[in-house]
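Right, one structure below, let's go through it.
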Ligand SMILES: Nc1ncnc2c1ncn2[C@@H]1O[C@H](COP(=O)(O)OP(=O)(O)O)[C@@H](O)[C@H]1O
Ligand SMILES: [Mg+2]
């Protein structure tokens, strides 16, 4: 299980170079959440409520101000970076900034496959060549020689998902993975993610501001507002039935 | 702009490499009977006070100017880029210390620093290269730091961290290619600057030492004969002008097209 316990995160923002003053942003004010294997946990909330911050903290890369993240019952900060990477992975909203614009798709896939060779872990799938990894996300190996800007948003997001699952992680964090894609492509990506979950048994955290989408694909839905988890069932039902968007 | 600049530079590089084949005389070959001859068929740019062929010395001087310019900027890029990357990526105390050091370096008039250091360690072509390189990186470090700060916020850098890639890989494979464009521009402009500084140092007798021909020290020896042998000063001056102009043209052109 990947679990956040009472996470608080405060950002200090410098107001200006000359004034020397700064103010604090309370992005998370005590958030607890559990991501279980073989399940899709949905996380919904209006934009700015702290969803992305929580996702970044759950990867173990960003440190919380207070509270801790437990990965299989052990503090995530006590794992080595590679060991942690082989268990938790993340996909962001904007596919265009998620790959290095200067490096080819092939290079960026190979560098995670090289990492895969270094990890001592019983992998279930045989993935040695970039083509084999791309098969999982149904992308033609023709993209390998391209640079990221030459791909469409949908293709790019598939490549990013391929990289994210290359180490066969137990948990995949999806931060609005379809929000910047065309509607028709959105459903294809969601279908792909569900397929991958069934195939690998990964636990997923599906973050979105679209409550109907989250409700439809998740086994469990968690609501967030202003840096806190909202437990109110009625609030949830009301949101679900209303056509008013959360954003 | 790029084409003109690059064309002249390629030409100069060829001149430097092929100097022994282009120069009609040896650069040190003295002929006291033919001192201070004006340009003629035998000596197309004339001869100097020791009867040496000015054209041949100018051709060999290309080697000095180009190598000083390129090596000095190479050193400056190496230090500037590393400091900028480290400062921008790690932030915090490392950044604060490095940037205060940069501030101090930038507030010292570089040329006087150069003069002091060279006067202390002694003039030679290698010292000139090293000293120009070691004193000219701070502005480059600033540029690279600012770029690194903004690139580090992008998702692909976060992904690289999430994968547990080494800091070296993140800095030099993921961030560096994304901050290199302004470095190329500023380095290209820097070569012209370094060539000028070398000429100035050599002119003051603190650069490349005679009898090795450099455009700067040719100017120095020419200045004593300005009234009677204009060709001693004018041709090295023109060579410096054209070379610096070529690097500036290339740098400006690159700046426009990399935008
Ligand atoms: N690096 C940061 N520095 C300062 N403030 C930040 C930073 N990251 C996020 N925030 C602030 O934290 C709050 C939550 O942001 P975020 O987690 O991106 O929300 P969401 O993903 O739900 O839209 C926002 O007010 C945002 O401005
Ligand atoms: Mg977000």
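Residue numbers (my numbering), protein chains in the order written: chain A, 0 to 246; chain B, 53 to 311.
Don't be surprised by glycine CBs; every beta carbon is placed ideally from N, CA and C.
Note that the structure is predicted; figures quoted are calculated from it, not measured.
Residue i at chain B interface by Cβ criterion, 8 Å
i: residue 186 of chain A; result: no
i: residue 101 of chain A; result: yes
i: residue 247 of chain A; result: Lying before the first or after the last residue shown, residue 247 of chain A is absent from chain A, which here runs from 0 to 246.
i: residue 97 of chain A; result: yes
i: residue 246 of chain A; result: Caution applies to residue 246 of chain A, whose pLDDT of 48 falls short of 50 and renders its modelled position unreliable; the value that the coordinates give is listed next. Chain B, which has no Cβ nearer than 8 Å to the Cβ of residue 246 of chain A, makes this no.
i: residue 58 of chain A; result: yes
i: residue 71 of chain A; result: no
i: residue 181 of chain A; result: no
i: residue 122 of chain A; result: no
i: residue 168 of chain A; result: no
i: residue 76 of chain A; result: no
i: residue 14 of chain A; result: no
i: residue 93 of chain A; result: yes
i: residue 114 of chain A; result: yes
i: residue 63 of chain A; result: no
i: residue 89 of chain A; result: yes
i: residue 4 of chain A; result: no
i: residue 161 of chain A; result: no
i: residue 80 of chain A; result: yes
i: residue 84 of chain A; result: yes
i: residue 1 of chain A; result: no
i: residue 227 of chain A; result: no
i: residue 55 of chain A; result: yes
Chain A within 8 Å of residue i, Cβ atoms only
i: residue 229 of chain B; result: yes
i: residue 95 of chain B; result: no
Contact belief for residue i with residue j at Cβ below 8 Å, rounded distance in angstroms
i: residue 193 of chain A; j: residue 159 of chain A; result: 17 Å between Cβ atoms; not a contact.
i: residue 352 of chain B; j: residue 140 of chain B; result: In this structure chain B extends from 53 to 311, so residue 352 of chain B is not present and cannot be described.
i: residue 175 of chain A; j: residue 92 of chain A; result: 4 Å
i: residue 54 of chain A; j: residue 6 of chain A; result: Wrong, their Cβ atoms sit about 11 Å apart, outside the cutoff.
i: residue 184 of chain B; j: residue 250 of chain B; result: 7 Å
i: residue 70 of chain A; j: residue 49 of chain A; result: So it is not a contact: roughly 20 Å between Cβ atoms.
i: residue 284 of chain B; j: residue 106 of chain B; result: 7 Å
i: residue 142 of chain A; j: residue 154 of chain A; result: 6 Å
i: residue 195 of chain B; j: residue 248 of chain B; result: Their Cβ separation, rounded to whole angstroms, is 20 Å, which puts residue 195 of chain B and residue 248 of chain B out of contact at 8 Å.
i: residue 146 of chain B; j: residue 138 of chain B; result: 6 Å
i: residue 227 of chain B; j: residue 203 of chain B; result: 5 Å
i: residue 222 of chain B; j: residue 212 of chain B; result: 5 Å
i: residue 45 of chain A; j: residue 224 of chain A; result: 7 Å
i: residue 112 of chain B; j: residue 76 of chain B; result: With a Cβ gap of about 12 Å, residue 112 of chain B and residue 76 of chain B do not count as contacting.
Mind checking the region 135 to 147 of chain B against chain A and listing, in chain order, the residues whose C-beta falls within less than 7 Å of any C-beta there?
none
Contacting positions in the region 188 to 217 of chain B - beta carbon closer than 7 Å to chain A
206, 207, 208, 210, 211, 213, 214, 215, 216
When a residue counts only if its C-beta is closer than 6 Å to some heavy atom of ligand 1, which residues count, in chain order?
A/10, A/12, A/24, A/26, A/44, A/46, A/47, A/48, A/49, A/50, A/51, A/52
Scan the region 141 to 179 of chain A and note each continuous beta strand (DSSP E) run of 3 residues or more that stays entirely inside, going in chain order.
170 to 174
Every unbroken beta strand (DSSP E) within the region 46 to 129 of chain A, with a cutoff of 3 residues, ordered by chain
65 to 70, 87 to 90
Looking at chain B, which residues of the region 196 to 222 of chain A have a Cβ within less than 9 Å of any of its Cβ atoms?
none
For a minimum of 4 consecutive residues, which ranges assigned as the alpha helix (DSSP H) are wholly contained in the region 188 to 261 of chain B?
190 to 204, 207 to 214, 228 to 255
What are the residues of the region 136 to 157 of chain A that lie near chain B, defined by any Cβ-Cβ distance shorter than 7 Å?
none
Going residue by residue through the region 64 to 96 of chain B, where are the continuous alpha helix (DSSP H) segments of at least 4 residues, counting only ones entirely within it?
71 to 74
Please give the ranges of any beta strand (DSSP E) in the region 182 to 207 of chain A, keeping only runs that are unbroken, at least 3 residues long and fully inside the region.
202 to 207
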